[in-house]
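Read the structure below first, then the notes.
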Amino acid sequence: MVNFAEVDRELDGLGGSVSAYLGRLDAPPTWTRRADATHYAASTMKVAVLAALHRAAESGRLDLDAPVEVVNDFASARPDAPRFSCAPHFDNDQAVWARLGTGATLRWLAERMIVRSSNLATNILLDHVGLPAVARVWAAAGARHSVTGRGIEDFAARDAGIANLVTVADLAALLAAIATGATRRGPLASPAHCAAMRDVLLAQQHRDDLAAGLPEGTPIAHKSGWVRGVRHGAGVVYPDDAPPYVLVVCTTTEGRDVDACRLLADLSARSWQARQQLTPAH
Numbered sequence: 001m002v003n004f005a006e007v008d009r010e011l012d013g014l015g016g017s018v019s020a021y022l023g024r025l026d027a028p029p030t031w032t033r034r035a036d037a038t039h040y041a042a043s044t045m046k047v048a049v050l051a052a053l054h055r056a057a058e059s060g061r062l063d064l065d066a067p068v069e070v071v072n073d074f075a076s077a078r079p080d081a082p083r084f085s086c087a088p089h090f091d092n093d094q095a096v097w098a099r100l101g102t103g104a105t106l107r108w109l110a111e112r113m114i115v116r117s118s119n120l121a122t123n124i125l126l127d128h129v130g131l132p133a134v135a136r137v138w139a140a141a142g143a144r145h146s147v148t149g150r151g152i153e154d155f156a157a158r159d160a161g162i163a164n165l166v167t168v169a170d171l172a173a174l175l176a177a178i179a180t181g182a183t184r185r186g187p188l189a190s191p192a193h194c195a196a197m198r199d200v201l202l203a204q205q206h207r208d209d210l211a212a213g214l215p216e217g218t219p220i221a222h223k224s225g226w227v228r229g230v231r232h233g234a235g236v237v238y239p240d241d242a243p244p245y246v247l248v249v250c251t252t253t254e255g256r257d258v259d260a261c262r263l264l265a266d267l268s269a270r271s272w273q274a275r276q277q278l279t280p281a282h
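Going by full-length UniProt numbering, the first residue of the sequence shown is number 1, and it counts up by one from there.
Structure below.
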């Protein structure tokens, strides 16, 4: 049996800020730590963009299979700022850059945004869905503190205090809404669109934090986020011998990213050990 009070004491000695949420999809959390503390979102905000895209497709506003132009020119979220562009060396996916000036479908761009964490694809999708649609996703999921205020590398907006923030509780609520299709306010999206989002998250190729703590081959629908001093992992784990559970860990520290990855993998391994003892549904 995992003693999460002991885990908390260990984390207290690490310095920085470590937040965590662990629980079954259909039950209150078994363990939370600083669940409402805000962290810079890094690439975890891409899950909300994914949900906004599918909701727009479900409403008929966008066609996921229609080609759009792959551009690198975006309006800043700060109204008086000049337009901005992404830098290739900050991105994790050159496949999107290879299509610059040509076309790609929104569905393909969404896949690259998640499985390879493409920044360029994210900003293109944000241009099509709009920041208000992402805000509505957070609201629909019941998020209390998370906000997606700007695109990636919109430094003028960042310097003006326009933020991308998440909490582990809000990320857990969003992932649970995608996994189950339900929120306290009604469905997040149709079963077909939720299934499509889960499939993309299950195909994640960056597997050096939460996934690294699981037995080989364990399905996890997840998204990581990282910049210097920040490493987050958020996912739904699907054991074959226990109900699915959501695990979100957000870290803001001054340590090395490799150490943060090891920490997330360790917490994922401990959560796996506790998978059959998580709080059941009432």
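For glycine and all other residues, C-beta sits at the position ideal for the given N, C-alpha and C. Note that the coordinates shown come from a computational prediction; the quantities given were computed from them, not determined experimentally.
| said: Looking at the strands, I want to know which residues DSSP matches up with residue 131. | reply: As a position in the sequence shown, residue 131 is number 131, starting the count at 1. According to DSSP, which records beta bridges pairwise, residue 131 is partnered with nothing at all.
Terminal residues of the alpha helix (DSSP H) in which residue 261 lies
For the purposes of this step, residue 261 is taken as the residue at position 261 of the sequence shown. Where residue 261 is concerned, the enclosing alpha helix (DSSP H) stretches over 257-273.
Review point. Between the stretch 159-171 and the stretch 244-256, do three or more beta carbon pairs fall short of 8 angstroms?
Key: yes
Inset, instruction - Decide if the stretch 127-141 is in contact with the stretch 173-181; the criterion is three or more beta carbon pairs, one per stretch, under 8 angstroms apart. - result: yes
Margin query: residue 235 and residue 201 - do their beta-carbons sit closer together than 9 angstroms?
Written below: If you number the sequence shown from 1, residue 201 lands on position 201. If you number the sequence shown from 1, residue 235 lands on position 235. Yes; because the gap between Cβ atoms is below 9 angstroms, this pair is in contact.
**Which residues DSSP lists as bridging residue 238, in chain order** = As a first step, residue 238 must be located in the sequence shown, where it is residue number 238. In the DSSP output, where bridge partners are listed per residue, residue 238 has none listed.
| said: Mapping the DSSP letters down to three states, classify residue 24 as helix, strand or coil. | reply: Translated into the one-based positions of the sequence shown, residue 24 becomes position 24. In this structure, residue 24 counts as strand in the three-state DSSP scheme.
Within its chain, find whatever has a CB closer than 6 angstroms to the CB of residue 239; leave out the 5 residues flanking it on each side and keep chain order.
Locating residue 239 in the sequence shown gives position 239, counting from the first residue. 275, listed in sequence order.
When you compare each of 131, 257, 4 to residue 152 by their alpha carbons, which one comes out closest?
As a first step, residue 152 is located in the sequence shown; it is residue number 152 there, counting from the start. The alpha carbon of residue 152 has as its nearest neighbour, out of 131, 257, 4, the alpha carbon of 131.
Report task. Closer than 8 angstroms by C-beta to residue 34: which residues in its own chain qualify, once you throw out the five before and the five after it? Chain order, please. Result -> Counted from its first residue, the sequence shown places residue 34 at position 34. Once the five neighbours on either side are set aside, the close Cβ partners of residue 34 are 17, 18, 19, 20, 168.
At the level of alpha carbons, what is the spacing between residue 198 and residue 208?
The sequence position of residue 198 within the sequence shown is 198, counting from 1. The sequence position of residue 208 within the sequence shown is 208, counting from 1. Distance between the alpha carbons of residue 198 and residue 208: 19 angstroms.
Any idea which residues DSSP pairs residue 39 with across the strands? On the sequence shown, residue 39 is found 39 positions in, with the first residue counted as 1. DSSP output for residue 39 lists 166 as bridge partner(s).
Legend entry - Beta-carbon gap between residue 233 and residue 210 smaller than 9 angstroms: The residue you call residue 233 lines up with position 233 of the sequence shown. The residue you call residue 210 lines up with position 210 of the sequence shown. Judged by beta-carbon spacing, residue 210 lies within the 9 angstroms limit of residue 233, meaning their Cβ atoms are closer than that value.
**Message:** Is the separation between the beta-carbon of residue 257 and that of residue 228 shorter than 9 angstroms?
**Reply:** Against the sequence shown, residue 257 aligns to sequence position 257. Against the sequence shown, residue 228 aligns to sequence position 228. Contact flag set, yes.
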